[in-house]
Structure formats: structure tokens, C-alpha cells
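Going by the numbering used here, the sequence shown opens with residue 11, and the numbers climb by one from there. Notes follow once the structure below has been shown.
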Amino acid sequence: MSAVSPESRPQRVLLGVSGGIAAYKTPDLVRRLVERGAEVQVVMTPGALEFVTAHTFQAVSGRPVRTDLWDSAAEAAMGHIELARWADAVVIAPATADFIARLAHGLADDLLSTLCLATSAPITLAPAMNRLMWSNPATQSNVRLLESRGIALLGPAVGEQACGETGAGRMMEPREIADTVLSRQSLAGAMSGLKVVVTAGPTRERIDPVRFLSNRSSGKMGYAVAAAARDAGAKVVLVSGPVNIPPPPGTTVVNVETAEQMLDAVRSHVIGADIFIAAAAVSDYKAAQPSSKKIKKTQDALSIALARTPDVLGTVARSDNRPFLVGFAAETEDVERNALAKMESKRLEMIAANRVGDGLGFDQDDNALTVYWQGGKQELALTSKADLARQLIGVVAKRYAERAAVGEPRDPVTRVGN
Ligand code: CTP
11 MSAVSPESRP
21 QRVLLGVSGG
31 IAAYKTPDLV
41 RRLVERGAEV
51 QVVMTPGALE
61 FVTAHTFQAV
71 SGRPVRTDLW
81 DSAAEAAMGH
91 IELARWADAV
101 VIAPATADFI
111 ARLAHGLADD
121 LLSTLCLATS
131 APITLAPAMN
141 RLMWSNPATQ
151 SNVRLLESRG
161 IALLGPAVGE
171 QACGETGAGR
181 MMEPREIADT
191 VLSRQSLAGA
201 MSGLKVVVTA
211 GPTRERIDPV
221 RFLSNRSSGK
231 MGYAVAAAAR
241 DAGAKVVLVS
251 GPVNIPPPPG
261 TTVVNVETAE
271 QMLDAVRSHV
281 IGADIFIAAA
291 AVSDYKAAQP
301 SSKKIKKTQD
311 ALSIALARTP
321 DVLGTVARSD
331 NRPFLVGFAA
341 ETEDVERNAL
351 AKMESKRLEM
361 IAANRVGDGL
371 GFDQDDNALT
381 VYWQGGKQEL
391 ALTSKADLAR
401 QLIGVVAKRY
411 AERAAVGEPR
421 DPVTRVGN
């Protein structure tokens with residue numbers, strides 16, 4: 011991956027280092043960003059200087075490190091407001107509990123916090139701290155406040171900590187931070203001005219007041235797709251079945267439970283949409299006659315009659331003024347053949363297929379996909395769902411733009427004359 015900004019110059023990353031032991035990993039992050047073609051300006055807090063020297067960062071970034079708001083020689087070369095404008099992206103790694111608190115409260119008592127207030131570039135935090143400091147309600151509330159303002163979080167990861175404890179609070183690995191930040195930046199503007207509707211998660215179909223039919227979908231992929239479309243500049247509506255993950259900030263989330271409710275929500279929000287991405291694992295069946303009372307175990311065997319639920323994606327595909335349609339196919343065998351058949355029968359512009367079963371796909375943090383469209387395909391190798399979603403959005407945006415450029419009709423079946 012080469013880190014080239016929309017203006018065809020290297021991406022400029024302002025890398026803030028605050029004072030935590032994980033700062034010993036940050037020179038590696040600088041090296042990886044530089045390796046991928048980015049220009050990196052390091053800014054250290056006084057606390058960070060207690061862990062790593064500025065010389066180390068100067069050597070790996072190839073630029074003098076900034077540490078002080080009151081350094082008149084450095085300010086004369088590039089003032090702090092100029093530096094805030096210079097950045098395409100601001101990354102704070104590690105972000106300590108103290109730095110997160112200062113950022114949440116808008117303090118500007120050192121160079122790095124001042125730059126964060128003065129920049130219009132997207133800010134990403136890679137928190138690192140003891141697990142109890144991370145789970146403390148004060149830190150959690152600061153983090154939620156920052157997320158609601160559009161600041162992105164990478165991690166923290168779960169694992170062994172420098173203090174000898176184990177839990178959430180480790181800084182995410184430098185390679186993952188570098189990949190995520192640069193791929194996010196390269197998406198910027200790819201979907202600006204577009205409205206994108208995404209479905210995610212499972213649906214629940216009632217059997218009786220305490221039981222339901224559902225599936226193992228966690229919603230992680232659909233949520234990551236919604237966040238990536240938002241990062242690409244789209245206005246995103248996320249229609250979600252019941253999941254246990256936080257809503258992606260900056261998107262409109264509509265919570266539903268059943269396939270019918272999902273269809274109703276999608277029908278009203280798809281009006282005026284440019285792209286519809288169906289990542290939900292919709293229950294194909296529901297109880298034909300849900301019981302109003304709890305079913306008692308009075309018989310040795312029990313049969314429940316099932317009826318089909320509506321096909322959300324299929325219904326949108328048959329509607330007038332349909333948007334550009336992207337479906338998902340989770341297959342246990344014959345992935346390519348089944349996915350292509352699904353794309354054809356559902357009249358989709360694209361389909362993202364993956365193999366499931368044997369621990370693959372559902373409820374995992376990593377996944378791989380193959381994306382198909384008429385006359386083309388692209389493999390997206392195994393990586394985190396967040397990274398995969400960004401790559402998928404990149405492919406969708408490209409294909410959408412190519413099709414719009416040649417003025418192809420919306421329904422691919424009309425195009426091939428069926
Ligand atoms: N889908 C939908 N509404 C449904 C069923 C599926 O919107 N009632 C969407 C999914 O979100 C996904 C695609 O359709 O994008 C999956 O197609 P489908 O043929 O329904 O997949 P499966 O349910 O896996 O089909 P099968 O069981 O026949 O393999």
C-alpha cells in the first residue's frame with residue numbers, strides 16, 4: 011500500500027506520543043508509516059520524553075521532533091497552527107488515560123493537546139493503559155464523549171500488560187495501526203455526497219414470548235461496513251438487528267428485530283439512497299403461528315411449522331429506482347458458483363462472498379472475502395473486519411463510479427437484456 015493523498019502527494023501523519031510505557035513501540039509505528047510512503051511528524055508530550063528520547067523518533071521519522079509549545083526556533087520554522095493544518099491525519103499512540111481526559115475536556119496546556127484542538131484533520135487514538143484505568147467509568151465516559159465527536163479509536167487490545175496484569179488496555183500493534191490509518195485516509199471522499207443504507211446483524215423471529223429463531227451473526231461485518239462508508243464520506247443509515255456492539259458514531263442507526271421490521275425500515279430509508287449493502291443475516295424462516303403463551307414441554311417431540319420471511323434485498327432489487335445493490339453470500343461449499351448464482355438471481359451489481367463454518371466467518375474478528383461483479387472479481391485477503399470493510403468500500407466506490415461514468419442502467423438484468 012502506498013500512502014498517497016488525493017492531491018497525489020504523500021500523506022502527512024501527525025503522530026502524537028503521550029507518556030505511557032507502550033511508547034516504546036511507537037518508533038516501530040513511525041517506521042511502518044514511513045515504509046508505506048507517509049510523511050510523519052512526531053510530537054511528544056513531556057511524559058512521553060520520560061519513556062523514549064526525541065532522538066529515536068527523529069532518526070526513524072527523518073524530521074525534528076516537536077515537544078514544546080514555547081520552542082521559539084521550532085515555532086518560527088512551522089508554527090503550531092500551521093502544523094495543525096499540515097496534517098492529513100492525527101494519530102495519538104499511545105493515548106494515555108490522562109491525555110484522553112485532557113482531549114475530552116478541550117484542554118490546550120501543551121503542544122499536542124493544542125494541535126488536537128486546532129486541527130481539522132481526523133483524529134485517531136490508540137489507547138494504552140492498565141486495564142483498571144481503561145475500564146474506569148471516568149475513562150469510559152471520556153472515550154464515549156470523544157467518539158460522539160467523531161474521534162476514532164483503535165483498540166485497546168486485550169492481553170498481557172506491562173504492569174503484569176492481563177486484560178483490555180494494550181496498545182494495538184503498530185502494523186495494524188499503520189494499515190488502518192492509511193487505508194482510512196485513502197478512502198477519504200470516495201463516497202462523498204452519496205447516501206448508503208446498510209443492514210447488519212441477525213433478525214429474531216418470535217416462537218413464543220420467551221423464545222425466538224435466530225442465527226450466529228454478530229453484526230461486526232455490517233457495522234464495520236457502515237463505519238467504512240462513513241469514513242468514505244457517505245451519509246449512512248444502518249438498519250440493525252439485535253447485536254451487542256456500539257453504534258458507529260456519525261451514522262443513523264435504526265434498530266429492528268424481525269425480518270419484516272427490517273424490510274419496513276429499509277423500504278423507508280432506501281428512498282433516495284445511492285447504494286444498498288445487505289450485510290444482515292436475515293432469518294429465512296419464522297414460526298408460522300407464534301404462540302402468545304409460553305410453550306410447555308408436555309410432548310416428547312415438538313414440531314413448529316415455519317413460514318418464509320420477506321427477502322429484504324430481493325424486494326429492494328425489484329423496486330423502481332433501485333439503488334446500486336451489494337449483497338453478501340456466506341457459503342459452506344462451492345463459494346464462487348453459489349455466490350454468482352445469488353448475484354444473478356437477486357439482480358445485484360456486486361456480491362461479497364465468504365466461506366463459513368469450521369470457525370470461519372460468524373462472530374470472528376477477522377475475515378476474508380471475494381467480491382464479484384459482472385465480468386470481474388477481487389480477492390480481499392484475511393484481515394480484521396474493520397480493514398476488510400474499508401477495502402470492500404473502496405471496491406464498491408470504484409465500481410459505482412465506473413458504472414455511473416458510462417451511464418449503465420441500474421438493474422444489471424435489464425443491461426444483459428433478460
Ligand atoms: N437477505 C435479505 N433478506 C433475506 C435473506 C437474505 O436481505 N430474507 C440478503 C442478505 O443480507 C445477503 C443476501 O441476501 O446480502 C444473502 O442471500 P440469500 O440467498 O438469502 O442467502 P442465504 O440465506 O444464505 O441463502 P441460502 O440459504 O439459500 O444459501
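Backbone N, C-alpha and C fix where the C-beta goes; we use that ideal spot for every residue, glycine too.
Give the straight-line distance between the Cα atoms of I305 and D218, rounded to the nearest whole angstrom.
Taking the Cα positions, I305 is about 7 Å away from D218.
Quick check on S313: buried or exposed, where buried means 16 or more other Cβ atoms within 10 Å of its Cβ?
Answer is exposed; the Cβ neighbour count stays below 16.
Could you give the uninterrupted runs of the alpha helix (DSSP H) lying entirely in the segment 104–149, keeping only those of 4 residues or more?
If we require 4 residues or more, the alpha helix (DSSP H) runs fully inside the segment 104–149 come out as 107–114, 121–128 and 141–145.
Who are S250's beta bridge partners in DSSP?
S250 pairs with A210 and N265.
Following a CB-centred definition, is A288 positioned closer than 6 Å to any heavy atom of the ligand CTP?
True, at least one ligand heavy atom lies under 6 Å from that Cβ.
Which runs of the beta strand (DSSP E) at least 3 residues long sit entirely within the segment 274–336? Give them in chain order.
Here the runs fully enclosed are 285–288, 295–297 and 316–318.
Which listed residue (A396, L390 and A363) has its alpha carbon closest to that of D375
It is A396 whose Cα lies nearest to the Cα of D375.
Enclosing alpha helix (DSSP H) for F61 [first to last residue]:
Careful: F61 lies outside any alpha helix (DSSP H) and carries neither H nor E.
Residue from G385, L398 and D108 whose Cα sits closest to the Cα of R409:
The shortest C-alpha to C-alpha distance from R409 to any of G385, L398 and D108 is the one to G385.
Option in C126, P184 and L121 with minimal Cα separation from L113:
Considering only alpha carbons, the answer is C126.
Hey, is the segment 322–340 in contact with the segment 295–309, meaning 3+ C-beta pairs nearer than 8 Å?
No, because fewer than three Cβ pairs between the segment 322–340 and the segment 295–309 fall closer than 8 Å, the two stretches do not touch.
Residue burial classification, H90 (beta-carbon count within 10 angstroms, cutoff 16)
Classification for H90: buried.
Whole-angstrom C-beta distance between E215 and A297, which should lie under 8 Å
Indeed, because the Cβ distance is near 6 Å, the residues count as touching under 8 Å.
May I ask you to list the residues that DSSP assigns as paired with D376?
In the DSSP output, where bridge partners are listed per residue, D376 has S394.
In three-state DSSP terms, what is K230?
In the structure shown, K230 sits in a helix (DSSP, three-state: H, G or I).
Should I281 be labelled buried (16 or more other beta-carbon atoms within 10 Å of its own) or exposed?
It counts as exposed.
Beta-bridge partners of L163, as assigned by DSSP
Its beta-bridge partners are L135.
Using 8 Å as the cut-off, can you tell me whether the segment 39–46 makes contact with the segment 173–188, which would need three or more C-beta pairs spanning the two stretches below that distance?
Because the criterion of three Cβ pairs below 8 Å is met, the segment 39–46 and the segment 173–188 touch.
Quick one, which of L25, D78 and P104 has its alpha-carbon nearest F61's?
Closest by alpha carbon: P104.
Between which two residues does the alpha helix (DSSP H) carrying T36 extend?
Run containing T36: T36 to E45, per the alpha helix (DSSP H) assignment.
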